[in-house]
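Report on one structure; see the data block that follows.
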Amino acid sequence: MKRLCSAILVLLSLGYSLTTEANNVVNLAIEQRPLYKRDYYLHELLAAALRASNYQAEISEVLVHPHQQRTLLMLDENQADVFWSMTSPEREHLAIAVKVPLFKGYIGKRALLTKRAFLPRFKDVKTKQDLAQFSAIQGHDWPDTKILAQNGLTVRPLANYQAMFNLVIRGRVDYFPRSFIEVISEMEQVKSDELVIVPNLYISYPTAFYFFVSNHKPELAEALLKGLKVMKSTGEFEQLFASYFAEDLAKLPFKEGEVIEIKLDNDYFQPQKKEP
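The sequence shown begins at 9 in this note's numbering and counts up one residue at a time.
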C-alpha cells in the first residue's frame with residue numbers, strides 16, 4: 009500500500025497522463041493540508057474512472073485553500089475542473105454532482121474521537137438526547153456541522169482542520185466525529201496516545217461523497233459517471249475500495265451486539281432512488 013500511494017503521488021506530481029497523446033487537461037483542486045489515505049484513494053479512483061470511460065486527459069493539480077465551500081466556488085468560476093466533497097443542496101447548486109457514492113455510505117458512519125480521560129463520559133450514552141450534553145467539533149463550512157445542529161447536538165464550528173484534533177486532545181471539546189474510512193489513518197498521522205475512539209457507540213446519518221465537476225465541463229461529469237458505472241460493473245470499484253479501506257475498517261473497535269448506533273436525520277440529503 010505504501011509503495012502504491014508513493015507511486016500515485018509521483019504520477020500526480022508529474023501531471024498524470026491517461027494517454028500518451030492526451031492534450032485535454034483536467035484541473036484537480038487539491039487542498040493545502042496533509043494528505044490521508046482517503047485522498048490517495050480518490051486520486052486513483054478519478055484516474056481509473058476517466059480511463060474506464062476512455063476520456064483522454066492529463067490530470068493537473070491546482071492547490072486551493074482548505075475550505076470546501078471556497079473550493080467549490082472555484083469550480084463555478086472555472087478556476088478548477090473537479091473536486092470531491094460530501095454533498096449538500098448548496099454544493100449541488102455550485103457544481104455538477106456525479107452521483108455515485110465514492111465511499112459506499114461509510115462517510116455517514118461516524119466514530120467519535122475523544123480524549124482518553126473522557127471515555128467514561130460516554131459509557132451511558134444511548135440516545136441523541138444523551139449525546140447532546142457533550143460538545144462536538146466540526147469544520148465551519150462542512151455539511152456535517154448543519155446535520156449535527158439540526159439533530160439538537162452541540163457543535164462548535166472551526167476553520168482549522170488540524171486544530172480540531174488538538175482541541176480534542178487538550179479536552180477543549182468532548183468529541184470529534186470522523187467517518188469510518190477516515191478515522192484510523194487520521195489517528196495514525198496525528199500520533200497521540202491521548203486520542204481514542206469511543207468503543208461503545210457511533211453516530212450515523214444518510215449522506216454521500218461525490219465527485220463535483222465545474223458547470224463549464226458537463227462532458228467531464230458525463231465521462232466520470234460513465235467510468236464509475238463501468239468500474240462498478242466489472243468489480244474494479246469494489247476492489248479498489250477494499251485495497252484502501254478493508255484493513256482500517258477491520259481495526260475499528262466496534263463489536264456486534266456491544267455498540268450503539270445513534271441515527272441522525274439529514275434534511276440536506278436527497279438520495280438517489282437507485283444507486284448507479
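Heads up, the beta-carbon is just placed ideally off N, CA and C, and yes, glycines get one too.
inquiry  = Could you tell me the alpha carbon to alpha carbon distance between A125 and S143, rounded to whole angstroms?
reply    = Within the sequence shown, numbered from 1, the residue matching residue 125 stands at position 117. Within the sequence shown, numbered from 1, the residue matching residue 143 stands at position 135. Those two C-alpha atoms are separated by around 15 Å.
request  = Would you kindly work out how many angstroms separate the C-alpha atoms of M172 and K234, rounded to a whole number?
outcome  = Residue 172 sits at position 164 when you count from the first residue of the sequence shown. Residue 234 sits at position 226 when you count from the first residue of the sequence shown. Distance between the alpha carbons of M172 and K234: 37 Å.
query = So what does DSSP say about F173, is it helix, strand or coil?
reply = Here the question's residue 173 lines up with position 165 in the sequence shown. Correct three-state label for F173: helix.
query = Taking the alpha helix (DSSP H) that K123 falls in, what are its first and last residues?
reply = The residue given as residue 123 occupies position 115 in the sequence shown. Note, K123: premise wrong, no alpha helix (DSSP H); beta strand (DSSP E) at 117 to 123.
query = DSSP on A103, reduced to helix/strand/coil?
reply = The residue labelled residue 103 in the question sits at position 95 within the sequence shown. If DSSP states are grouped into helix, strand and coil, A103 belongs with coil.
inquiry  = If you follow the beta strand (DSSP E) that E69 is in, where does it begin and where does it stop?
reply    = Here residue 69 corresponds to residue number 61 of the sequence shown, with the count starting at 1. Segment 66 to 72, the beta strand (DSSP E) holding E69.
request  = Tell me whether G265 sits in a helix, a strand or coil according to DSSP, three-state version.
outcome  = Taking the first residue of the sequence shown as position 1, residue 265 is located at position 257. Three-state result, G265: coil.
task = Put G23 into one of helix, strand or coil per three-state DSSP.
result = Residue 23 sits at position 15 when you count from the first residue of the sequence shown. Note that G23 has pLDDT 45, beneath the 50 cutoff, so the model's placement of it is unreliable and no number is given.
query = Is V162 helix, strand or coil by DSSP?
reply = Residue numbering aside, residue 162 sits at position 154 when the sequence shown is read from its first letter. The displayed chain sequence assigns Thr, not Val, to residue 162. In this structure, T162 counts as strand in the three-state DSSP scheme.
inquiry  = Between K263 and the ligand NAD, is there a pair consisting of the residue's CB and a ligand heavy atom that are separated by less than 7 Å?
reply    = No copy of the ligand NAD occurs in the structure displayed, which carries no ligand at all.
task = Can you check DSSP and say which residues form a bridge with F217?
result = Numbered from its first residue, the sequence shown carries residue 217 at position 209. For F217, which the question treats as bridged, DSSP gives the partners M94.
request  = Would you mind reading off the limits of the beta strand (DSSP E) that contains I38?
outcome  = On the sequence shown, position 30 is the one that residue 38 refers to. Start and end: 33 to 39.
request  = Could you check what DSSP says for Q146 in three-state terms: helix, strand or coil?
outcome  = As a position in the sequence shown, residue 146 is number 138, starting the count at 1. DSSP places Q146 in strand when its eight states are reduced to three.
Exposed unless 16 or more other CB atoms sit within 10 angstroms - verdict on S251 = Residue mapping note: residue 251 aligns to position 243 of the sequence shown, counting from 1. Under this definition S251 is an exposed residue.
ask   = If we ignore side chains and look at the alpha-carbon of each, how far apart do S212 and L58 end up?
value = Locating residue 212 in the sequence shown gives position 204, where the first residue counts as 1. Locating residue 58 in the sequence shown gives position 50, where the first residue counts as 1. Approximately 31 Å, taken between the alpha carbons.
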